[in-house]
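Asker: My questions all concern the structure below.
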Amino acid sequence: MLFADRFRAPRPLSEALYGPVGLYEDAQRGDELVAIKQVSLTRAMAALRRSRNVDNPWSEHRVVARLMTLPPHPNVVRFRGEFLHAQDTWCVVMEFCPGGDLWDVLEAAPKYRLLEREALQLFAQCVSGVRFLHAHGIAHRDLSLENVFYCRGACKIGDFGLSTDEPLRGRGEAVGKAYYMAPEVVNQEA
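First residue of the sequence shown? That's 1 in UniProt numbering, and the numbers climb one at a time after it.
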């Protein structure tokens with residue numbers, strides 16, 4: 001089945017590092033709404049030549065493929081499939097989280113603050129998702145408000161662009177967003 005035959009009524013959601021993320025109706029799943037992240041492999045290869053601290057779709061593919069073999073977890077985005085489109089575009093099909101990300105949740109809160117019990121509940125869900133990933137040998141390496149999605153009252157860890165399922169060997173370079181890192185990591189003291 002061709003991309004355009006299976007996935008209909010595209011609506012843009014956001015622009016990712018290597019291409020758009022859109023909202024589609026999946027004809028094979030009764031028109032279920034899904035998010036599709038399109039990754040230009042040419043753009044990714046060029047970015048990886050300049051820096052290793054950018055999303056790596058080949059590592060992400062390994063992690064996504066692994067997650068699709070595991071039982072679903074309520075705090076990790078569910079992946080519905082992946083495929084190569086137009087020879088250069090890797091497409092990742094995932095559940096759509098209508099609540100946006102945790103950044104959106106904070107922006108919508110009065111004075112950009114959550115009640116303590118709400119924050120603790122969201123944090124506990126994030127910890128549950130991380131525990132699941134670590135139990136299956138996956139390190140996300142880029143947890144941030146922008147990479148935790150909100151779906152009907154539940155936090156769901158997503159965007160596995162910097163993740164790895166390879167054993168970490170000794171000290172490596174820091175990855176992720178510097179403004180979420182501890183000062184000693186940014187200053188390369190840890």
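Here a beta-carbon is modelled for each residue, glycine too, at the ideal position from N, C-alpha and C.
Sorry if obvious, but does the Cβ on residue 15 come closer than 6 angstroms to a heavy atom of the ligand FMN?
Answerer: In the structure on display, the ligand FMN does not appear, and there are no ligands present to speak of.
Asker: Give every residue of the same chain whose Cβ lies closer than 7 angstroms to the Cβ of residue 9, excluding the five residues on either side of it in the sequence, and list them in chain order.
Answerer: 24, 25
Asker: According to DSSP, simplified to helix, strand and coil, what is residue 23?
Answerer: strand
Asker: Would you report the Cα separation of residue 152 and residue 92, rounded to the nearest angstrom?
Answerer: 22 angstroms
Asker: Looking at residue 32 and residue 161, is the spacing between their C-beta atoms short of 7 angstroms?
Answerer: Going by C-beta atoms, residue 161 is not nearer than 7 angstroms to residue 32.
Asker: Rounded to the nearest angstrom, what separates residue 53 and residue 140 at their Cα positions?
Answerer: If you take the alpha carbons of residue 53 and residue 140, they lie about 13 angstroms apart.
Asker: Looking at residue 36: is its Cβ nearer than 7 angstroms to the Cβ of residue 22?
Answerer: yes
Asker: Hey, would you say residue 137 sits closer than 7 angstroms to residue 77, going by beta carbons?
Answerer: no
Asker: Would you identify the three-state DSSP class for residue 11, choosing helix, strand or coil?
Answerer: strand
Asker: Using CA coordinates, which residue listed in 55, 39, 30, 107 is at the minimum distance from residue 164?
Answerer: Closest option to residue 164, judged by alpha-carbon separation, among 55, 39, 30, 107: 55.
Asker: If you follow the alpha helix (DSSP H) that residue 126 is part of, which residue opens it and which one closes it?
Answerer: 116-135
Asker: Would you kindly work out how many angstroms separate the C-alpha atoms of residue 68 and residue 117, rounded to a whole number?
Answerer: 32 angstroms
Asker: Taking the alpha-carbon positions, what's the residue 62 to residue 82 distance?
Answerer: About 11 angstroms.
Asker: To which residues of the same chain is residue 47 closer than 6 angstroms at the C-beta, ignoring the five residues directly before and after it?
Answerer: 54
Asker: Return helix, strand or coil for residue 101, following the three-state DSSP convention.
Answerer: strand
Asker: Taking its Cβ as the centre, do 16 or more other Cβ atoms sit within 10 Å of residue 129, making it buried, or is it exposed?
Answerer: buried
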